[in-house]
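K.L.:
Going down the list, the sequences are from chains A and L.
Counting along the first sequence from 1, when you hit position 262 you're at 262 in the working numbering, and nothing is skipped either side.
Counting along the second sequence from 1, when you hit position 203 you're at 203 in the working numbering, and nothing is skipped either side.
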Amino acid sequence: MILTVLHKTRYEFATPVGGIIQSLRLTPARCEGQKIVNWSVDVPGAVIGELFSDGAGDHIQTVSLRNLTSTVEVNVSGKVETRDTAGVLRGHRERVPPRAYMRNTPRTEPNRAIRELVEDTLAVMGTASALDRAHALASAVHKALPYTPGATHAHTTAAEAMNEGLGVCQDHTHVMIACAHLAGLPARYVSGYLNATEDGSPHEASHAWAEIYIDGLGWVGFDASNESCPNDHYIRLGSGLDAQDAAPIRGLVLGGAEESLDVTVVIEAQQQ
Amino acid sequence: MSEAYFNEMYDGNGLRPPYQGLEGWYQDMPTEFRAFKQAEAEDLFRRFGITFAVYGDGGDPDRLIPFDMFPRVFAADEWRRLERGIKQRARALNAFLSDVYDRGEIIRAGRIPADLVYRNEAYEIAVAGFRPPLGIFSHIVGIDLVRTGADQFYVLEDNCRTPSGVSYMLENREVMMRMFPHLFQENRVAPVDNYARLLKRTLASVAPAKCDRDPNIVILTPGHYNSAYYEHSFLADLMGVELVEGQDLFVEGDFCWMRTTQGPRKVDVIYRRIDDAFLDPLCFRPDSSLGVPGLMNVYRSGGVTICSAPGAGVADDKAIYTFVPEMVRFYLGEAPILENVPTWQCAKPDEYKYVQEHLAELVVKEVHGSGGYGMLVGPKADKATIETFAAKLAENPGNYIAQPTLALSTCPTFVEEGIAPRHVDLRPYCLVGRDVELVPGGLTRVALTEGSLVVNSSQGGGVKDTWVIAEE
Numbered sequence: 001m002i003l004t005v006l007h008k009t010r011y012e013f014a015t016p017v018g019g020i021i022q023s024l025r026l027t028p029a030r031c032e033g034q035k036i037v038n039w040s041v042d043v044p045g046a047v048i049g050e051l052f053s054d055g056a057g058d059h060i061q062t063v064s065l066r067n068l069t070s071t072v073e074v075n076v077s078g079k080v081e082t083r084d085t086a087g088v089l090r091g092h093r094e095r096v097p098p099r100a101y102m103r104n105t106p107r108t109e110p111n112r113a114i115r116e117l118v119e120d121t122l123a124v125m126g127t128a129s130a131l132d133r134a135h136a137l138a139s140a141v142h143k144a145l146p147y148t149p150g151a152t153h154a155h156t157t158a159a160e161a162m163n164e165g166l167g168v169c170q171d172h173t174h175v176m177i178a179c180a181h182l183a184g185l186p187a188r189y190v191s192g193y194l195n196a197t198e199d200g201s202p203h204e205a206s207h208a209w210a211e212i213y214i215d216g217l218g219w220v221g222f223d224a225s226n227e228s229c230p231n232d233h234y235i236r237l238g239s240g241l242d243a244q245d246a247a248p249i250r251g252l253v254l255g256g257a258e259e260s261l262d263v264t265v266v267i268e269a270q271q272q
Numbered sequence: 001m002s003e004a005y006f007n008e009m010y011d012g013n014g015l016r017p018p019y020q021g022l023e024g025w026y027q028d029m030p031t032e033f034r035a036f037k038q039a040e041a042e043d044l045f046r047r048f049g050i051t052f053a054v055y056g057d058g059g060d061p062d063r064l065i066p067f068d069m070f071p072r073v074f075a076a077d078e079w080r081r082l083e084r085g086i087k088q089r090a091r092a093l094n095a096f097l098s099d100v101y102d103r104g105e106i107i108r109a110g111r112i113p114a115d116l117v118y119r120n121e122a123y124e125i126a127v128a129g130f131r132p133p134l135g136i137f138s139h140i141v142g143i144d145l146v147r148t149g150a151d152q153f154y155v156l157e158d159n160c161r162t163p164s165g166v167s168y169m170l171e172n173r174e175v176m177m178r179m180f181p182h183l184f185q186e187n188r189v190a191p192v193d194n195y196a197r198l199l200k201r202t203l204a205s206v207a208p209a210k211c212d213r214d215p216n217i218v219i220l221t222p223g224h225y226n227s228a229y230y231e232h233s234f235l236a237d238l239m240g241v242e243l244v245e246g247q248d249l250f251v252e253g254d255f256c257w258m259r260t261t262q263g264p265r266k267v268d269v270i271y272r273r274i275d276d277a278f279l280d281p282l283c284f285r286p287d288s289s290l291g292v293p294g295l296m297n298v299y300r301s302g303g304v305t306i307c308s309a310p311g312a313g314v315a316d317d318k319a320i321y322t323f324v325p326e327m328v329r330f331y332l333g334e335a336p337i338l339e340n341v342p343t344w345q346c347a348k349p350d351e352y353k354y355v356q357e358h359l360a361e362l363v364v365k366e367v368h369g370s371g372g373y374g375m376l377v378g379p380k381a382d383k384a385t386i387e388t389f390a391a392k393l394a395e396n397p398g399n400y401i402a403q404p405t406l407a408l409s410t411c412p413t414f415v416e417e418g419i420a421p422r423h424v425d426l427r428p429y430c431l432v433g434r435d436v437e438l439v440p441g442g443l444t445r446v447a448l449t450e451g452s453l454v455v456n457s458s459q460g461g462g463v464k465d466t467w468v469i470a471e472e
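1. Assuming the contact rule is C-beta atoms closer than 8 Å, residue 186 (chain A) and residue 98 (chain A) should be a hit. Round their C-beta distance to whole Å, please.
2. For residue 456 (chain L) and residue 81 (chain L), I'd like the C-alpha separation in whole angstroms.
3. Quick check on the DSSP output: the alpha helix (DSSP H) that includes residue 179 (chain A) runs from which residue to which?
4. Return yes when the Cβ of residue 308 (chain L) is within less than 9 Å of the Cβ of residue 162 (chain L), no when it is not.
5. Can you name, in chain order, every residue of its own chain whose Cβ lies under 6 Å from the Cβ of residue 66 (chain A), other than the five neighbours on each side?
6. Label residue 141 (chain A) either buried or exposed according to how many other C-beta atoms from any shown protein chain fall within 10 Å of its C-beta, with 16 as the threshold for buried.
7. Is the CB of residue 23 (chain A) under 9 Å away from at least one CB in chain L?
8. Looking only at C-alpha atoms, which of A:254, A:7, A:196 sits nearest to residue 77 (chain A)?
9. Mind the definition here: the stretch 109–124 of chain L touches the stretch 221–235 of chain A only if three or more C-beta pairs lie below 8 Å; say whether that holds.
10. Along chain L, in chain order, which residues have C-beta atoms closer than 9 Å to that of residue 64 (chain A)?
11. Using a Cβ-Cβ cut-off of 6 Å (strictly less than) and excluding sequence neighbours within five positions of residue 72 (chain A), which residues of its own chain qualify?
12. Please return the same chain residues whose Cβ sits closer than 7 Å to the Cβ of residue 303 (chain L), not counting the five positions on each side in sequence.
13. For chain A, find out if any of its Cβ atoms is closer than 9 Å to the Cβ of residue 495 (chain L); answer yes or no.
14. Contact defined as beta carbons within less than 8 Å: I believe residue 158 (chain A) pairs with residue 116 (chain A). What is the distance between those atoms, to the nearest angstrom?
15. Any beta carbon of chain L sitting closer than 9 Å to that of residue 257 (chain A)?
16. Beta-carbon within less than 8 Å of residue 131 (chain A)'s beta-carbon, same chain only, minus the 5 sequence neighbours each way: which residues are those?
17. For the candidate residues L:219, L:234, L:261, L:288, whose alpha-carbon lies nearest to that of residue 251 (chain A)?
18. Only counting runs of 3 or more residues, tell me where the beta strand (DSSP E) segments fall wholly within the stretch 177–223 of chain L, in order along the chain.
19. Grab me the residues of residue 262 (chain A)'s own chain with a C-beta within less than 6 Å of its C-beta, minus the 5 sequence neighbours each way, in chain order.
20. Roughly how many angstroms separate the alpha carbons of residue 416 (chain L) and residue 410 (chain L), rounded to a whole number?
21. Give a yes or no on whether the C-beta atoms belonging to residue 173 (chain L) and residue 446 (chain L) are separated by under 9 Å.
22. Compare the C-beta of residue 329 (chain L) against all C-beta atoms of chain A and say whether one is closer than 9 Å.
23. Under 8 Å Cβ-Cβ, which residues of chain L neighbour residue 242 (chain A)?
24. Just to confirm my understanding: we take residue 265 (chain L), look at its own chain, exclude 5 residues before and 5 after, and list those with CB closer than 7 Å. What are they?
25. So does the stretch 27–43 of chain A actually touch the stretch 13–29 of chain L, counting three or more Cβ pairs closer than 8 Å?
26. May I ask you to report which of helix, strand or coil DSSP gives residue 130 (chain L)?
27. Mapping the DSSP letters down to three states, classify residue 158 (chain L) as helix, strand or coil.
28. Roughly how many whole angstroms lie between the Cα atoms of residue 87 (chain L) and residue 79 (chain L)?
29. Pair every Cβ in the stretch 432–445 of chain L with every Cβ in the stretch 37–44 of chain L, then say whether three or more of these pairs are closer than 8 Å.
30. What first and last residue would you give for the alpha helix (DSSP H) that runs through residue 139 (chain A)?
In structure tokens form, the structure reads like this:
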């Protein structure tokens, strides 16, 4: 499938700021499931550093703007040819040992409710394979947190979302990571895009899901929000320990002022 | 003082050779003259401005660390062996770091448990797969040593991040030379004053490949509230490099720049004295204002070198320490010259059990602790203290390691009544760049309280000038 992406992020500041500095994880890396046909990242007026690959195989670049400004725009556009690999991440060049993804951050730290969810889910599974256990956990998380935009916010932790009993993809992913760790499986946060027009299920085009390391298979994506594995409707941007660590944009405003943020993401599928 | 302790000046046969050149000096010193000299030393330290706590914070920030005028002396042959052992260890620690951020051969070979490394908080995923210039992660390795016999030294811990205290090594010597110049004419004491030159050479040798001129080196300090700020500015002065804070630097494009009155100047090597977590709010703690936003991207794309490399801390973790002799064998194919102190990991149930049963004999430390805080010195503790500690230990055994109480050597020290033996340790500073170098000396810390084995400055420790008698 060919997916085209138009992703605009616009910052508006109440009073002019001294500039911005950002680390962008906004360029997908090539792997079996995705081939980049063309891609561009543009920040008008800014100095943009060269793309480099980090140890996790993500493409990173630095953007800085050092003039007085009251608006900043980050414009991403591109075209990616995707393939369904049944959620398995193959042909992705990375060098971080999977065991390094056994650690939690404050956002993925489990609480009692998450522990119970894992215990209840796995208790009935006997000697099921790691893959089956991961699928079961994804379904359990899907049921435990009905998809509800607005119920949580950008800094909500897995434990808080669990207490709330509601969430969006970020919360599902944080809880999924916490669950996987409790089950002894390395897990990480993935950010990317999802072309959602076909099945009509409720989510945004900017998306997040978890990857769980399964011996023999490698990293496998689990989208608890949709109770599925990522397929050719997904574009993978990069990974990290949690939403902050895997954020497509991590930035700072120099001489910060009140900002308003406007993000639009449009994904379209083209017939091949 | 018990015979159980090795006295570095006297053995059964009298004065040991390295101390023979000091005999007349301390024996003939009148009490008033000594008091006068002690006051002079304090005055010199105040004038130099050394008023900070070496290890850990706490206490009066303008407090002087007590300086004991009686030097601690090593013979040339003693030092030769120590030097070989220290350099060997510094090489092995760097080989380990370069391995665990690459293929992890030592883990694949089953010599170190994977989880001990990869689940360690100090293991930085952000630099996995990145090879810093020359593959070196820890450019200044501080190795804490204790002596228990004529030929018996033990490594207490390794410091691979930003070991402090080297300014003391240099200033203690400076003060001694000013106060007792004749001592340095009568004794062939190997000089330490080339440390700053060697440090600068070491830092220059790891400049990034993108640097095509004389590298611009800076020292990055958290600022003057930091307890080691004096040392940061002292080293910057000695090397003739800029001392900067995070706000003096910025990232643009693929490089890091320093603000100067003549406009931005590219920075090639940063000797940072701030922790990983604060280096770059875009990579680590987002609330850090001490670091430089975007720095880790410049580092990982080869635009600047950070010394020590982010992630170097995984080699000096107390749980990893146990495996350093194994690293020496694995990477260098050599027998370790310096021994580790036998260590019990309370994370292991059988070792934890042993520790609980022998608390009165052991020293128990927190895995991530420093500064001598939160530790139990069993033989010095009363029953109540031991019981309280036992309960704390039971709450989280994995947070503790235990070691036997070592019979730390003593060195003569000026005390109220004259001269008396006091326990000492040693921290030499090994430099690792294109070459591995060690100036003959280090920081000797001394437990000034009679019988005390705790040398930390925060707990009544002092410092001494450390001499190595030069080769004939």
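The beta carbon of each residue, even a glycine, is placed where N, CA and C say it ideally should be.
P.N.:
This is what the structure holds:
1. Here residue 186 (chain A) refers to the residue found at position 186 when the first sequence is read from its first residue. Here residue 98 (chain A) refers to the residue found at position 98 when the first sequence is read from its first residue. Residue 186 (chain A) to residue 98 (chain A), Cβ: 4 Å. Contact.
2. Within the second sequence, residue 456 (chain L) is the residue found at index 456, counting from 1. Within the second sequence, residue 81 (chain L) is the residue found at index 81, counting from 1. So the alpha carbons of these two residues sit roughly 26 Å apart.
3. The residue you call residue 179 (chain A) lines up with position 179 of the first sequence. It spans 169–182 - the alpha helix (DSSP H) in which residue 179 (chain A) sits, taken as one unbroken run.
4. The residue labelled residue 162 (chain L) in the question sits at position 162 within the second sequence. The residue labelled residue 308 (chain L) in the question sits at position 308 within the second sequence. Taking 9 Å as the Cβ cut-off, residue 162 (chain L) and residue 308 (chain L) qualify as a contacting pair.
5. On the first sequence, residue 66 (chain A) is found 66 positions in, with the first residue counted as 1. Excluding five sequence positions before and after residue 66 (chain A), the CB atoms of its chain that fall closer than 6 Å to its own CB belong to 19, given in chain order.
6. The residue you call residue 141 (chain A) lines up with position 141 of the first sequence. Flag for residue 141 (chain A) reads buried.
7. If you number the first sequence from 1, residue 23 (chain A) lands on position 23. Yes, its Cβ sits closer than 9 Å to a Cβ of chain L.
8. Locating residue 77 (chain A) in the first sequence gives position 77, where the first residue counts as 1. Comparing Cα-Cα distances from residue 77 (chain A) to each of A:254, A:7, A:196, the minimum goes to A:7.
9. Touching, no.
10. Residue 64 (chain A) sits at position 64 when you count from the first residue of the first sequence. Correct list: 250, 251, 252, 253, 293, 294.
11. Counting from 1 along the first sequence, the entry for residue 72 (chain A) is found at position 72. Hits under 6 Å: 11, 20.
12. Reading the second sequence from its first residue, position 303 is the one you call residue 303 (chain L). Excluding sequence neighbours, residue 303 (chain L) sits near 208, 210, 254, 255, 256.
13. Residue 495 (chain L) lies beyond the residue range present for chain L, which begins at 1 and ends at 472; the question has no answer from this structure.
14. As a working mapping, residue 158 (chain A) is identified with position 158 in the first sequence. As a working mapping, residue 116 (chain A) is identified with position 116 in the first sequence. Not a contact, Cβ separation roughly 13 Å.
15. As a working mapping, residue 257 (chain A) is identified with position 257 in the first sequence. By this cut-off, residue 257 (chain A) is not an interface position.
16. Taking the first residue of the first sequence as 1, we reach residue 131 (chain A) at position 131. Closer than 8 Å at Cβ, skipping near neighbours: 214, 217, 220.
17. Along the first sequence, one-based indexing puts residue 251 (chain A) at 251. Nearest option by C-alpha distance: L:288.
18. 217–220
19. Taking the first sequence and counting its residues from 1, one reaches residue 262 (chain A) at position 262. Once the five neighbours on either side are set aside, the close Cβ partners of residue 262 (chain A) are 10.
20. On the second sequence, position 416 is the one that residue 416 (chain L) refers to. On the second sequence, position 410 is the one that residue 410 (chain L) refers to. Distance between the alpha carbons of residue 416 (chain L) and residue 410 (chain L) is about 17 Å.
21. Taking the first residue of the second sequence as position 1, residue 173 (chain L) is located at position 173. Taking the first residue of the second sequence as position 1, residue 446 (chain L) is located at position 446. When the beta-carbon positions are compared, residue 173 (chain L) and residue 446 (chain L) stay at least 9 Å from each other.
22. Residue mapping note: residue 329 (chain L) aligns to position 329 of the second sequence, counting from 1. No, no contact with chain A.
23. Position 242 of the first sequence, counted from the start, is the residue given in the question as residue 242 (chain A). By Cβ distance, chain L contributes nothing, its closest Cβ being about 12 Å from residue 242 (chain A), past 8 Å.
24. Sequence index remark: in the second sequence, residue 265 (chain L) carries index 265 (1-based). Leaving aside the five residues that flank residue 265 (chain L) on each side, the residues in its chain whose CB is nearer than 7 Å to its CB run, in chain order, 216, 257, 258.
25. no
26. Here residue 130 (chain L) is taken as the residue at index 130 of the second sequence, counted from 1. Three-state DSSP puts residue 130 (chain L) in coil, outside helix and strand.
27. Looking up residue 158 (chain L) in the second sequence gives position 158. Strand.
28. In the second sequence, the residue the question calls residue 87 (chain L) occupies position 87. In the second sequence, the residue the question calls residue 79 (chain L) occupies position 79. Residue 87 (chain L) and residue 79 (chain L): Cα-Cα distance of roughly 12 Å.
29. They do not touch, by the three-pair rule.
30. For this step, residue 139 (chain A) is matched to residue 139 along the first sequence. Note, residue 139 (chain A): alpha helix (DSSP H), 130–144.
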